[in-house]
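In our numbering, each number is its position in the sequence shown, counted from 1, plus 3.
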Amino acid sequence: MLKKIIKFIYFKVKYRNKKLKLKTMNLPLGSVFGYMNTVESGVYIDGEFEIGDLSYINKNSILSNVIVGKFTSISSNCSIGGFEHPISYYTTHPIVFNDYYGAKKTIHVNVKKTIVGNDVWIGHGAIIKQGVTIADGAVIAAGAIVTKSIPPYEIWGGIPARKIKSRSVERLPYNTKCWWELDIKRIQEWKEY
């Protein structure tokens, strides 16, 4: 309990001008936040973590070694970048590679970073394998299991996830593909959507 109080104070002081809404303290001290992020209750974050401006993570999602871009929406009960067990060894149990069990790390477990781009929407219960990149503007359907990287502005769903269609993005604010780099007030003023 004391650790959570210390983390709460640490994040409140460090990001006092960022308008964060943190409803969990299950996150590493090295986490990097943008402006106006929301991390709901029940969210668990492990390893390296970074999140861009105005992105949010809904309830009960688990993220491990993830970089999240700006204006990204992660729904509830998602698993992104989860730990993988080695399958080429005599056991998949962590007793042979996890310090908790007294292992001498006889197996090298390579933990890959998972990248979630800008303006991405990840639906309820989606699972995204570690090391995958979800490019800018992509949409992942609820319940999808993503095992490979997703190109920009595509909608994917299913088990395993496959391309459903491309997003039709005819009018981008101020004729820029990277609208998320614009000033927030300028984005809000743009009326042609």
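Glycine included, every Cβ here is placed at the ideal spot set by N, Cα and C.
Computed from a predicted structure; not experimentally measured.
Determine which residues share a DSSP beta bridge with residue i and list them.
i: T136; result: I118
i: R165; result: G160
i: S201; result: Within the shown structure, residues of the chain are numbered from 4 to 196, placing residue 201 beyond reach of any answer.
i: V149; result: I131
Decide if residue i is buried, meaning its Cβ has at least 16 other Cβ atoms within 10 Å, or exposed.
i: S169; result: exposed
i: D139; result: buried
i: I72; result: The identity of residue 72 in the sequence shown is Gly, whereas the question assumes Ile. Buried is the call here.
i: W159; result: buried
i: W193; result: exposed
i: T75; result: buried
i: S64; result: buried
Spatial neighbours of residue i within its chain, please: C-beta separation below 6 Å, excluding the five flanking residues on both sides.
i: I70; result: E53, I118
i: D186; result: none
i: K22; result: M39
i: I48; result: L30, L66
Once DSSP output is grouped into helix, strand and coil, what is the label at residue i?
i: V172; result: coil
i: V42; result: strand
i: W124; result: strand
i: L23; result: coil
i: Y13; result: helix
i: Y92; result: coil
Apart from the five residues on each side of it in sequence, which residues of its chain come closer than 7 Å, Cβ to Cβ, to residue i?
i: Y18; result: F36
i: K132; result: V149, T150
Does any CB atom of chain C fall closer than 8 Å to the CB of residue i?
i: N80; result: Although the question refers to chain C, the structure presented lacks it and comprises just one protein chain.
Below 8 Å CB to CB, which residues in the same chain sit around residue i once its five sequence neighbours on both sides are set aside?
i: N121; result: G55, G72, K73, F74, T75, D139, G140, C181, W183
TODO: Could you tell me whether the region 94-108 touches the region 132-150, where touching means 3 or more Cβ pairs closer than 8 Å?
DONE: no
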